[in-house]
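Remarks on the structure that follows.
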Amino acid sequence: MKNKTVIITGAAKGIGRSIAIKFAENGYNVLINYHKSEANAKALGAYLSANGFCYRLYQADVTQRAEVDQMIEYCIKAFGNIDILVNNAGVSATKLFTDISENEWDNMICVNLKSVFNCTQSVLKIMLPNKSGKIINISSIWGMVGASCEVHYSTSKSGMIGFTKALAKELGPSHIRVNCVAPGIINTDMMKDYDEEDIKLMEQQIPLGKFGETEAVAETVFFLASDGGDYWTGQVLSPNGGIVI
């Protein structure tokens with residue numbers, strides 16, 4: 200049986216890295232997309248190579264449709280098919296709404312939301328004729344409930360949830376599943392700007408009393424991609440330690 204293939208955007212570090220490793224460990228062909236994090240991508244590639252896993256690194260700015268189309272074509276040439284797309288690439292920022300510049304707003308929406316449009320529409324050229332495939336979008340709890348001083352981030356992540364629900368209805372008759380994972384506060388580089396006191400205050404708001412690890416998100420994504428996730432579409436799964444119930 201031929202190995203399945205997954206594309207993961209923004210996969211050089213953090214949540215994307217753990218997702219890539221999870222799929223690789225389970226025998227998938229993994230296309231690791233990155234944009235600026237070349238050193239991280241190469242380090243991940245070295246780890247996967249050392250363990251005998253099948254992968255490719257591909258540098259592309261997923262906000263640029265031409266680069267996305269080229270990435271999809273490369274993946275088909277390398278692996279023959281695309282079974283799963285994980286839209287993980289994203290940025291975050293904390294700022295008062297009144298201080299957000301137009302460029303900052305546009306960049307947030309472009310990286311976090313337009314990239315999802317670009318990658319999904321491009322990969323559907325492969326999935327629709329096959330009447331098969333799974334698309335998994337990485338949103339955030341702040342897309343579910345909103346976060347003060349993160350209006351542009353929350354808006355972009357909320358848009359991903361609406362995108363997921365609408366597209367799931369549209370693609371259901373073609374047997375393509377579209378789901379969303381909305382992590383809670385996860386221990387990644389995005390937390391580096393918070394001091395120890397802020398971190399303690401955030402942990403106190405979480406019923407399980409701690410930040411999540413990237414592996415917890417990867418497990419959720421892998422479930423949706425597996426045969427066990429075949430009857431799931433249009434859903435938002437949120438590994439968040441109980442901070443949003």
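Each residue of the sequence shown is one higher than the last, beginning at 200 in our numbering.
No residue lacks a Cβ here, since even glycine has one placed at the ideal position from N, Cα and C.
Check: Helix, strand or coil: how does DSSP classify V205 here?; Outcome: strand
Check: Assign I486 to one of three DSSP states: helix, strand, or coil.; Outcome: The requested residue 486 is not part of the displayed model; the chain covers only 200 to 444.
Check: Pick from Q320, V229 and E272: whose alpha carbon is nearest that of E369?; Outcome: Q320
Check: I'd like the span of the alpha helix (DSSP H) that includes G358, first residue to last.; Outcome: V350 to L370
Check: Within a Cβ cutoff of 6 Å, which residues of the same chain sit near S291, ignoring the five residues on either side of it in sequence?; Outcome: Y352 and M389
Check: Please say whether N378 and T432 have beta carbons closer to each other than 8 Å?; Outcome: yes
Check: Please list the terminal residues of the continuous alpha helix (DSSP H) segment that includes K399.; Outcome: E395 to Q403
Check: Among the residues of its own chain, which have a CB less than 7 Å from the CB of E356, if the five just before and after it don't count?; Outcome: In the sequence under discussion, the amino acid at residue 356 is Lys, which differs from the Glu named in the question. Cβ neighbours of K356 beyond the five flanking positions: N311, S338, S339, W341 and G342.
Check: May I ask you to report which of helix, strand or coil DSSP gives L436?; Outcome: strand
Check: What residue ranges within the region 234-310 form continuous beta strand (DSSP E) runs of no fewer than 3 residues, ordered along the chain?; Outcome: 254-258 and 283-286
Check: Which residue's Cα is closest to the Cα of A288: E272, E301 and F316?; Outcome: F316
Check: Can you tell me whether DSSP reads V443 as helix, strand or coil?; Outcome: coil
Check: Would you report the Cα separation of P382 and G427, rounded to the nearest angstrom?; Outcome: 20 Å
Check: Here's the rule I'm using: 16 or more other beta-carbon atoms within 10 Å means buried, otherwise exposed. How should L295 be labelled?; Outcome: exposed
Check: Count the CB pairs spanning the region 223-243 and the region 392-399 that are closer than 8 Å, and state whether there are at least three.; Outcome: no
Check: How big is the Cα-Cα spacing for A219 and I207?; Outcome: 7 Å
Check: Does DSSP classify L230 as helix, strand or coil?; Outcome: strand
Check: When the distance is taken between beta carbons, is I334 closer than 8 Å to I281?; Outcome: no
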